[in-house]
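>
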């Protein structure tokens with residue numbers, strides 16, 4: 001009987017302690033931190049547009065992993081906009097936050113993704129292409145492959161005609177560039193210059209393929 005009383009007393013005390021204990025706090029911050037341990041916070045975008053595409057992908061993954069931690073559009077928008085730094089991205093974020101605060105309306109995640117992609121990605125891709133084309137040397141690459149890839153980078157980077165011709169002559173095989181100078185076949189038109197470089201390729205089949213590609217682009 002005494003043992004039963006002691007057991008009842010113990011259960012009563014345990015129940016009282018459980019009821020008196022503070023409730024668990026599944027706050028945004030606690031859930032947020034738990035998720036961050038699994039998916040690393042990509043940090044801030046510091047304004048280097050060449051790095052934007054990679055940062056943007058990581059941020060979207062991070063947002064998705066922490067989705068339950070955000071209670072509304074405001075928290076998601078602030079998590080994104082507050083990570084945009086630098087003279088251009090930082091200014092954009094500052095203006096958008098002020099606009100949203102004044103209007104009292106914050107964009108949904110889907111709308112924010114469209115907005116940021118429209119604002120940043122085209123310029124980021126152009127900057128990346130311009131950076132790549134400056135150091136894109138032919139080396140041992142087949143001439144038609146080189147010219148095709150070079151033209152793709154030129155179009156993506158939005159290079160002007162004169163600049164594209166200059167880079168093409170600088171980056172193509174020295175043997176081809178030398179023959180063009182000797183034969184006085186240099187052209188100020190980028191498409192024509194690319195075709196002339198193809199004509200000095202040693203493989204006729206590659207010349208044909210390259211010229212067909214150029215004809216389609218023209």
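Residue numbers (UniProt numbering): 1 to 218. Every residue, glycine too, gets a C-beta built ideally from N, C-alpha and C. Given the structure is predicted, the values throughout are model-derived calculations rather than measurements.
Consult DSSP for residue 136 and reduce its assignment to one of helix, strand or coil.
Of the three classes helix, strand and coil, the one that applies to residue 136 here is coil, per DSSP.
> DSSP has residue 84 in a bridge; who is on the other side?
In DSSP, residue 84 forms a bridge with 45.
> Taking the alpha helix (DSSP H) that residue 72 falls in, what are its first and last residues?
That residue, residue 72, is in no alpha helix (DSSP H); it is neither H nor E in DSSP.
> Quick check on the burial criterion: 16 or more other C-beta atoms within 10 angstroms. Buried or exposed for residue 140?
With fewer than 16 other Cβ atoms within 10 Å, it is exposed.
> Let me confirm a value: residue 162 is counted as buried when at least 16 other C-beta atoms fall within 10 Å, else exposed. Which label applies?
It is exposed - the Cβ of residue 162 has fewer than 16 other Cβ atoms within 10 Å.
> For residue 45, which of 93, 73 and 160 has the nearest alpha-carbon?
Per the Cα distances, 93.
> Could you tell me whether the region 134 to 153 touches the region 62 to 78, using the rule of 3 or more Cβ pairs below 8 Å?
No, because fewer than three Cβ pairs between the region 134 to 153 and the region 62 to 78 fall closer than 8 Å, the two stretches do not touch.
> Excluding the 5 residues flanking residue 84 on each side, which residues of the same chain have their C-beta closer than 8 Å to its C-beta?
44, 45, 90, 92 and 93.
> Kindly indicate the opening and closing residues of the alpha helix (DSSP H) around residue 151.
Counting along the chain, the alpha helix (DSSP H) containing residue 151 begins and ends at 143 to 157.
> With three or more C-beta pairs closer than 8 Å as the rule, is the region 99 to 106 touching the region 49 to 60?
With a cut-off of 8 Å, the region 99 to 106 and the region 49 to 60 do not count as touching, because too few Cβ pairs lie within range.
> Between residue 124 and residue 49, is the Cβ-Cβ spacing less than 7 Å?
Yes. Within cutoff.
> Does the Cβ-Cβ distance between residue 157 and residue 121 come in under 7 Å?
Their beta carbons are not under 7 Å apart, which means residue 157 does not touch residue 121 by this criterion.
> For residue 155, count neighbouring Cβ atoms within 10 angstroms of its own Cβ and tell me buried if that reaches 16, exposed if not.
With fewer than 16 other Cβ atoms within 10 Å, it is exposed.
> Please classify residue 226 as buried or exposed, where buried requires at least 16 neighbouring CB atoms within 10 angstroms.
No information on residue 226 is available, as it lies outside the stretch 1 to 218 that the chain covers here.
> Relative to the alpha-carbon of residue 104, which residue among 77, 145, 68 and 82 has its alpha-carbon at the smallest distance?
Of the listed residues, the one whose Cα sits closest to residue 104 is 77.
> How many Å lie between residue 112 and residue 64 at the Cα?
Distance between the alpha carbons of residue 112 and residue 64: 14 Å.
> Tell me the residue span of the alpha helix (DSSP H) that contains residue 90.
Looking at the DSSP string, the run of the alpha helix (DSSP H) that includes residue 90 is 89 to 103.
> Beta carbon of residue 117, beta carbon of residue 171: below 7 Å?
It is not a contact, given that the beta carbons lie outside the stated cut-off.
> For residue 66 and residue 40, what's the separation of their Cα atoms in angstroms?
Approximately 11 Å between the Cα atoms of the pair.
> What separation, rounded to the nearest whole angstrom, lies between the Cα atoms of residue 174 and residue 126?
Their backbone Cα atoms lie some 27 Å apart in a straight line.
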